[in-house]
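Chains as they are written, first to last, in my numbering: chain A, 119 to 515; chain B, 8 to 321.
Every residue gets a Cβ at the ideal spot worked out from N, C-alpha and C, and that includes glycine.
The structure appears right after this line, and notes come after that.
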Ligand SMILES: Nc1ncnc2c1ncn2[C@@H]1O[C@H](COP(=O)(O)OP(=O)(O)OP(=O)(O)O)[C@@H](O)[C@H]1O
Ligand SMILES: [Mg+2]
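Okay, structure coming up:
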């Protein structure tokens with residue numbers, strides 16, 4: 119046990135003796151996660167911003183603004199004209215609506231008042247704003263029209279006794295019409311956009327999980343580099359003339375690398391929780407087991423690669439190349455659903471695919487240990503097979 | 008008392024290369040034994056088998072009565088190894104290297120820290136203990152390399168050409184420390200291709216060449232093999248004619264052996280003074296310039312020349 123710790127500690131000192139190791143251990147993964155997630159912070163308000171100048175300040179204009187906001191795809195900011203214009207010019211908002219002073223119920227009913235809607239050119243959100251505003255106008259004016267024609271109908275049946283009575287009837291009719299409208303199905307609700315349907319995707323979670331896997335597996339795939347290094351500098355030969363078993367040396371070195379990977383993953387998961395507001399799911403235990411299995415699978419492959427690796431440089435080159443490729447094809451960089459079906463199927467032979475799927479099952483789909491048991495099983499299978507190959511073919515000389 | 012090391016008909020082949028071809032010798036507890044031989048003679052290969060690193064192709068090796076093949080762990084506890092190539096972690100400090108290797112020898116706690124301090128004193132690097140080995144000179148690295156082999160106070164220490172490639176001062180320090188360790192009771196197997204080192208250090212010497220032990224005994228026993236011959240060593244200008252002079256010298260009455268190595272011409276004869284004049288005459292005739300002349304009493308160099316017909320440092 120003391121020897122095991124001594125060997126692991128030696129590897130830790132050697133690994134972090136170069137300050138640049140921190141770059142690969144923590145700094146780059148974090149930077150990549152943040153950049154690829156498009157920034158940190160709480161879930162972003164993805165509603166389109168519409169600036170509005172309300173010259174009318176009438177009940178009707180207030181209704182119109184409320185109707186626009188109701189669609190929950192637009193947020194309307196009512197601002198004085200100068201301010202609103204400035205925001206629009208600065209492209210702080212893709213659309214600017216000016217409600218003229220004449221917008222009172224009569225004018226609107228006559229259809230003689232033109233609203234002024236300005237849109238940024240070549241902006242898809244503008245089209246959406248235009249439709250939403252039209253829908254809102256139609257909705258508001260519909261309620262008014264219904265109220266007005268109700269009054270006309272009522273008057274035809276039995277004339278009102280006073281103007282006050284007429285007004286009261288109008289108000290009651292308008293209220294009823296608006297209630298009907300509110301109960302009616304929404305004309306326009308927008309769904310968060312994403313390319314094919316049914317992809318569970320969250321930029322923060324996907325990028326953090328994908329970058330974590332990428333940066334953790336690369337050093338593990340390069341594990342044979344440390345064996346080759348020790349063979350080259352003669353310390354492996356020296357080790358073999360001390361009363362230390364070969365198996366203990368091999369086991370400790372691999373275990374040390376896996377533990378370093380676990381620490382790395384713990385730090386990255388922590389960074390995700392505290393800085394990027396990522397929710398890694400409801401089962402930290404399941405996540406830990408999954409990540410451990412991922413590390414073991416990568417370490418197994420790395421050990422097996424030692425059979426044909428001749429220099430430490432070769433080891434790190436092969437580790438970077440194969441690690442990146444496995445990460446890409448395993449869905450760590452882009453959702454696997456975006457790949458052609460053939461690649462999606464082929465990627466099942468990659469541990470990265472199983473690792474990524476497992477993490478997303480936990481983090482995005484809210485599942486537990488039960489659901490990712492197959493993933494853990496497959497990853498452990500990778501580990502077993504490749505460790506067996508690696509240990510059997512290990513060259514001490 | 009049984010010898011601490013017994014080597015019986017040791018054979019080691021690398022594929023089709025026969026590196027060691029049936030070597031036998033014993034080392035008694037408390038002696039310094041030198042294995043003297045030129046490059047490629049099989050010294051490192053022999054030490055590798057003796058220290059359980061390589062399995063012998065055939066033959067039997069026992070350390071303290073334990074077979075290197077069937078009881079390697081017991082053997083490893085008795086031996087210390089100073090490899091020919093420096094085998095240290097460059098990015099660990101001297102202190103960290105010693106602590107790590109001490110732990111590999113099952114040392115721990117106070118014993119470990121005491122031994123490390125002691126060794127740092129012995130190799131005179133206590134003041135540089137906290138520096139990375141990467142920043143050390145070649146000689147300092149050699150000393151750490153030796154220190155690692157001493158940590159667990161082995162009964163038998165294998166040192167494989169520990170002075171290769173270092174300055175005379177460090178070399179002196181290493182030779183002195185080998186003698187000091189031996190005085191404290193450590194048995195040493197020392198390999199070298201420097202005749203002077205074997206001569207200074209060893210009680211007994213084995214001369215190895217092309218994987219065979221061609222001579223074995225105390226220095227007196229070995230030099231007696233060459234008879235009471237002296238060696239006449241001439242430093243001459245290099246050139247074609249040196250070879251001719253070497254051949255011509257063999258026909259001078261009384262000359263036993265003659266060989267060249269670079270600009271050095273070594274001639275063996277019972278009385279060097281008597282052949283000096285004819286050699287100079289021959290040199291003049293062949294137009295070979297003589298820069299210096301030295302007469303050496305019989306030594307291991309002469310033994311090697313006598314046995315192989317070649318100079319040790321070919
Ligand atoms: N790993 C190996 N594979 C094949 N041949 C080898 C190997 N190691 C050594 N040899 C050969 O075995 C012979 C003995 O080599 P060895 O290293 O034992 O010599 P040495 O006496 O230690 O030489 P030196 O003084 O140069 O260290 C040489 O011919 C060498 O080429
Ligand atoms: Mg050697």
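A Cβ of chain B is located within less than 8 angstroms of the beta carbon of residue 357 of chain A. Between the C-alpha atoms of residue 255 of chain B and residue 222 of chain B there is a straight-line separation of about 28 angstroms. Contact between residue 89 of chain B and residue 189 of chain B fails: their C-beta atoms lie close to 14 angstroms from each other, not under 8 angstroms. Here residue 135 of chain B carries a helix assignment [DSSP, helix/strand/coil]. Of all residues in the segment 116-128 of chain B, none comes within less than 9 angstroms of chain A when Cβ atoms are compared.
The DSSP assignment places 65-70, 86-89 as complete runs of the beta strand (DSSP E) inside the segment 63-114 of chain B, in order along the chain (cut-off: 3 residues). For residue 169 of chain A, the closest of A:153, A:192, A:286 by C-alpha to C-alpha distance is A:192. Close CB contacts of residue 299 of chain B within its chain, under the 8 angstroms cut and outside five residues either way in sequence, are with 241, 242 (chain order).
The three-state reading of DSSP puts residue 426 of chain A in coil, since its state is none of H, G, I, E or B. Straight-line spacing of the CA atoms in residue 493 of chain A and residue 355 of chain A works out to 39 angstroms. Non-local beta-carbon contacts of residue 440 of chain A in its own chain, meaning distances under 7 angstroms to residues more than five positions away in sequence, involve 339 in chain order. With the criterion CB distance below 5 angstroms from any heavy atom of ligand 1, the matching residues run B:21, B:24, B:26, B:46, B:47, B:48, B:49, B:50, B:51, B:52 along the chain.
Residue state for residue 215 of chain B is assigned as strand, using DSSP reduced to three classes. Contact of residue 96 of chain B with chain A is assigned, a C-beta pair being separated by under 8 angstroms.
Listed along chain B, the residues sitting closer than 9 angstroms to residue 351 of chain A by beta-carbon distance are 92, 93, 94, 95, 96, 97. Per DSSP, the unbroken alpha helix (DSSP H) holding residue 326 of chain A starts and ends at 321-339. For chain A, the residues of the segment 76-92 of chain B that bring a beta carbon within less than 8 angstroms of one of its beta carbons are 80, 83, 84, 86, 88, 90, 92, in chain order. Taking every protein chain shown into account, the CB of residue 21 of chain B has fewer than 16 other CB atoms within 10 angstroms, so this residue is exposed. Within chain A, the residues whose beta carbon sits less than 7 angstroms from that of residue 60 of chain B are 355, 358, 359, listed in sequence order. Residue contact with chain A for residue 35 of chain B: absent (no Cβ-Cβ distance below 8 angstroms to any residue of chain A). Taken through DSSP and simplified to helix, strand or coil, residue 247 of chain A comes out as helix. Annotation for residue 167 of chain B indicates a beta carbon within 7 angstroms of some heavy atom of ligand 2. Residues of the same chain with a CB within less than 7 angstroms of the CB of residue 106 of chain B, apart from the 5 flanking positions on each side, are 119, 123 in chain order.
Pairing residue 182 of chain A with residue 254 of chain A gives a Cβ-Cβ distance under 8 angstroms. Under the 10 Å beta carbon count, residue 256 of chain A is surrounded by fewer than 16 other beta carbons and is classified as exposed. Its Cα nearest to that of residue 491 of chain A, the residue A:412 stands out among A:456, A:429, A:412. Only residues of its own chain outside the window of five on either side were considered, and among them 194, 210, 211 have a CB closer than 7 angstroms to the CB of residue 38 of chain B, listed in chain order. The Cβ atoms of residue 362 of chain A and residue 111 of chain B lie closer than 8 angstroms to each other. Separation of residue 62 of chain B and residue 146 of chain A (C-alpha to C-alpha, rounded to the nearest whole angstrom) is 47 angstroms.
Between the alpha carbons of residue 226 of chain B and residue 307 of chain B lies a distance of about 7 angstroms. Set against 7 angstroms, the gap from the CB of residue 125 of chain B to the closest heavy atom of ligand 2 is not smaller. Taking CB atoms only, residue 138 of chain A has no neighbour in chain B less than 8 angstroms away. Close to residue 113 of chain B, with beta-carbon spacing below 9 angstroms, are these residues of chain A in chain order: 120, 121, 360, 361, 362.
Under the DSSP assignment, residue 167 of chain B falls in the beta strand (DSSP E) whose first and last residues are 163-167.
Closer than 7 angstroms to some heavy atom of ligand 2: that describes the Cβ of residue 91 of chain B. Checking the DSSP bridge columns, you'll see residue 297 of chain B partnered with B:243.
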